Structures are given as C-alpha cells and as structure tokens.
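These notes are about the structure you will find just below.
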Amino acid sequence: MIEVKTIPSYNLTVDETRAIGKMYFNLFQDFDVATHHLENYVNPFNTAWTDYDAVSKPSGASVITKEIRDYDQDRDYDFLIFRSYVEHLRYVQRGAESRSLDELELLIQTYGYSLQAFGYIKQSSAMDGLLKDLRTKEKAIEAITEFQLEEKVAAMEASQQKFMDAYVQKYEEKAEKAAVGSAIELRKVLLEKMMKLLTGLEIAANMFMSEEIKDLVQNINAINEDFSARIQSRETRNEIGAS
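For the sequence shown, my numbering assigns the number 440 to the initial residue and increments by one for each residue that follows.
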C-alpha cells in the first residue's frame with residue numbers, strides 16, 4: 440500500500456504555509472491530474488493557493504498573529520467538546536424521547552456540524568448564531584439545565600469572545616481589518632484543501648500505481664517529512680525554553 444504522509448498543518452507558521460503551498464502547487468503543474476482522476480482535489484487546492492498567494496505575500500508584519508490562531512484553536516476545541524458530549528448524551532439516551540436533546544442536535548446541524556473547519560469569518564458568524572440560540576430557544580435552555588451543559592456552553596462563549604476581542608483589537612481600522620480577514624480566512628481554507636489533497640492523492644496512488652504518481656508521492660512525502668521535522672524541532676525548543 441502506498442502511504443502519503445500527513446503533516447500537522449495547523450502548527451505551520453505563516454511562512455511555512457506559503458512555502459509548502461507553493462511546493463505542492465508547483466509539483467502538480469506538471470502532473471497528469473485528469474488521468475489519475477484528481478481534478479476534484481487538485482483544482483480546489485489550486486484555487487485556494489492562488490487566492491491565498493494573492494493576499495499573503497510578505498509586506499511587513501504578518502497578517503496572522505499567534506494569539507488569533509491560538510484563540511481560534513481554543514474555540515474549535517470547545518465546540519468539539521460540546522458537540523461530542525451531545526452525541527454522547529444521544530447514545531446514552533438511545534430509545535428515549537428527548538425534545539430538548541433534539542433541539543441541541545438540530546442547532547448543531549443548522550450552524551454546521553463541522554463549523555470548526557469553516558474559515559475564520561464564517562465560523563465566527565456560525566458560532567455567534569449557535570450561542571445565541573442556545574441562550575434563547577426554550578428547548579435549548581431546558582437541555583442546558585437538564586444535562587448540566589452550562590460549563591461547556593460558557594466555555595464556548597468565553598473562547599469565542601476572546602477570539603473576537605483579539606481580532607477586533609488587532610485590526611481596528613476597517614480597511615486593514617478587511618484585508619487581514621481575507622488572508623486569515625483564505626489560509627484556513629488553503630490548509631483544509633491541502634489535507635483533502637493529500638487524502639485524494641493516497642487514494643489515487645493505490646488505485647493507479649503508475650510510476651508518475653509514485654514519484655509524486657515520494658516528492659510530497661519528502662516535503663511533509665521535512666516540514667514535520669521543523670515543527671517537531673520548534674516544539675521541542677519551546678518545551679525546553681518553558682522548562
């Protein structure tokens with residue numbers, strides 16, 4: 440079986456994201472995408488890379504701060520904890536009717552079962568809507584009380600507010616905020632398409648087994664191993680520095 444090595448993409452720095460994105464893009468320019476049925480993976484990635492490249496070229500200070508990325512990861516985590524617990528409750532309650540639990544599941548589906556994977560701006564809007572309905576819809580309020588979810592909902596509210604406060608504070612001027620918002624959003628989209636591209640490549644590699652795709656996988660794996668090593672080295676230095 441041919442394996443395409445993955446990479447902890449959300450630990451990439453802004454510069455690393457640009458570098459690896461450009462490498463992937465260049466590798467696929469000379470690859471027979473159509474023959475290997477990879478259009479549905481390569482085309483969205485190429486679009487995401489082109490869009491991100493257009494707004495993220497170095498021009499002074501980085502448009503994405505570590506603080507904003509960290510707060511975004513915090514709210515991703517808090518949402519996933521809430522969603523997982525609701526799913527756990529449904530499993531425990533299987534066979535039993537619970538309209539309040541139905542309401543929670545409906546709200547999660549309405550605003551996005553995987554909203555943590557949305558772009559920054561879209562996710563902010565979805566989180567705001569979800570949190571508002573959790574606090575105002577009767578059945579949702581009942582569920583929070585019945586299933587002791589107050590702490591988890593409050594955690595989502597806190598992490599969402601921290602993200603928004605950091606975002607607004609950092610990009611106070613309207614024009615600057617719009618440009619930065621675009622870069623932040625597009626980076627997240629690029630990382631998402633990048634991971635899907637790797638998945639599609641592995642499927643195609645094991646389906647076609649051509650020398651061309653084997654060479655491509657070898658090159659992609661070399662890139663991913665290099666960047667994974669950089670990330671691991673950086674995290675090790677940070678741990679040593681913190682001790």
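Glycine included, C-beta positions come from ideal geometry on N, C-alpha and C.
This structure is a prediction, so every number in the text was calculated from the model and none was measured.
- Between A594 and L588 a beta carbon distance of about 10 Å is seen, past the 8 Å cut, so the two are scored as non-contacting.
- When the five nearest sequence neighbours on each side are left out, the beta carbons in the same chain lying within less than 7 Å of the beta carbon of E624 are those of G558, Y559 and I560, in order along the chain.
- Assigned with DSSP and collapsed to three states, A565 falls in helix.
- One Cα belongs to N663, the other to K444, and the distance between them is close to 7 Å.
- Of the residues S563, D572, S537 and E536, the one whose Cα lies closest to the Cα of D511 is S563.
- The shortest CA-to-CA distance from A556 to any of V607, M633 and L573 is the one to M633.
- For P483, the enclosing alpha helix (DSSP H) begins and ends at E478 to S495.
- The C-alpha of S621 is placed about 7 Å away from the C-alpha of V494.
- Buried is the label assigned to V628, since at least 16 other Cβ atoms lie within 10 Å of its Cβ.
- CA-CA distance, L573 to W488, rounds to 36 Å.
- About 7 Å separates the beta carbon of I507 from that of F602, a gap short enough to meet the 8 Å contact definition.
- For the pair L630 and Y480, the CB atoms are not nearer than the 8 Å cut-off.
- Secondary structure note for V592: its alpha helix (DSSP H) is the uninterrupted segment E589 to K609.
- A644 is a Cβ neighbour of K653, given a cutoff of 8 Å.
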